[in-house]
Amino acid sequence: MGQPESRERREPEQPELPPGQRLQRGWPVTHYGPVPKFRPERWEFRVFGATADGDKHCWNHGEFSALPFSTVVADLHCVTKFSMVGAEWGGVPARTVVELAPPAPDVTHVMVWAEYGFSANLRLDDFVGDRTIFATHKDGELLTAEHGFPVRLVVPHLYAWKGPKWVRGVEYMTADRRGFWEERGYHNVGDPWAEQRYSYQEEPGDGPEL
Ligand SMILES: Nc1nc2c(c(=O)[nH]1)N[C@H]1C(S)=C(S)[C@@H](COP(=O)(O)O)O[C@H]1N2
Ligand SMILES: [Mo]
Numbered sequence: 040m041g042q043p044e045s046r047e048r049r050e051p052e053q054p055e056l057p058p059g060q061r062l063q064r065g066w067p068v069t070h071y072g073p074v075p076k077f078r079p080e081r082w083e084f085r086v087f088g089a090t091a092d093g094d095k096h097c098w099n100h101g102e103f104s105a106l107p108f109s110t111v112v113a114d115l116h117c118v119t120k121f122s123m124v125g126a127e128w129g130g131v132p133a134r135t136v137v138e139l140a141p142p143a144p145d146v147t148h149v150m151v152w153a154e155y156g157f158s159a160n161l162r163l164d165d166f167v168g169d170r171t172i173f174a175t176h177k178d179g180e181l182l183t184a185e186h187g188f189p190v191r192l193v194v195p196h197l198y199a200w201k202g203p204k205w206v207r208g209v210e211y212m213t214a215d216r217r218g219f220w221e222e223r224g225y226h227n228v229g230d231p232w233a234e235q236r237y238s239y240q241e242e243p244g245d246g247p248e249l
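Numbering (our numbering), first residue to last: 40 to 249.
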């Protein structure tokens, strides 16, 4: 008697995707502009703006790499309608950064800054959400240059543009301001489950006037 037919084989589990998204096989590279060159001796991660003590907080690459590490399994939903699912991101939780460099009490939003002036604004609550992470690793390996090495932000509950690759700093803000894509027609909040894709969909209170 031969091996029994494998009736155990199941279809891969269908991940639940936000409305209007389709599953992307593989992991494409999506960004505006060139991939920056990493210069370790010049790199620093800065927390500035309305900090609690009024000072800037900086970590060089060695210091940042030594911050508390944890992992989050999260999907990326690109607003152009494809989703990459199931990656394990390793790095420094955004909440840890906020604990080490606390904001002033009246901070409501942050601007996350990346190389070449790319930026994304987030509500402080979204930033300190317990799954928001400054990822240095994906699936146990260091990020590749095109996917954001040495550090990218992953905000699992928002569209992927809210997670800059090549992050260099966080600015604490006492009022909201639009980041790079938010100034260029994309929704100020960007919740994929509510399909908040474009700024024309914004309701009063979703963002600063355009
Ligand atoms: N610095 C920077 N980060 C960025 C972008 C960008 O243009 N510049 N694009 C965002 C968008 S729109 C997406 S979909 C994801 C894509 O991440 P990936 O290239 O690792 O798939 O990166 C985000 N982070
Ligand atoms: Mo995207």
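We put the CB at the ideal spot given by N, CA and C, even for glycine. Every value quoted in this text rests on a predicted model; they were computed, and no experiment measured them.
key: Below-8 Å beta-carbon distance, Ala184 vs any chain D residue   = This model lacks chain D altogether; it includes just one protein chain.
request  = Could you give the DSSP three-state label for Arg162: helix, strand or coil?
outcome  = strand
task = Compute the Euclidean distance between the alpha carbons of Asp334 and Asn99, then round it to the nearest angstrom.
result = Because the chain is modelled from 40 through 249, residue 334 falls outside the range shown and cannot be assessed.
ask   = Can you tell which of Ala174, Leu56, Lys120 has its C-alpha closest to the C-alpha of Thr69?
value = Lys120
query = Beta-carbon separation of Arg217 and Gly246 under 8 Å?
reply = yes
message = Check for me: the beta strand (DSSP E) holding Glu127 runs from which residue to which?
response = 121-132
Exposed unless 16 or more other CB atoms sit within 10 angstroms - verdict on Leu115 = buried
CA nearest to the CA of Arg81, picked from Ser109, Thr213, Glu154 = Glu154
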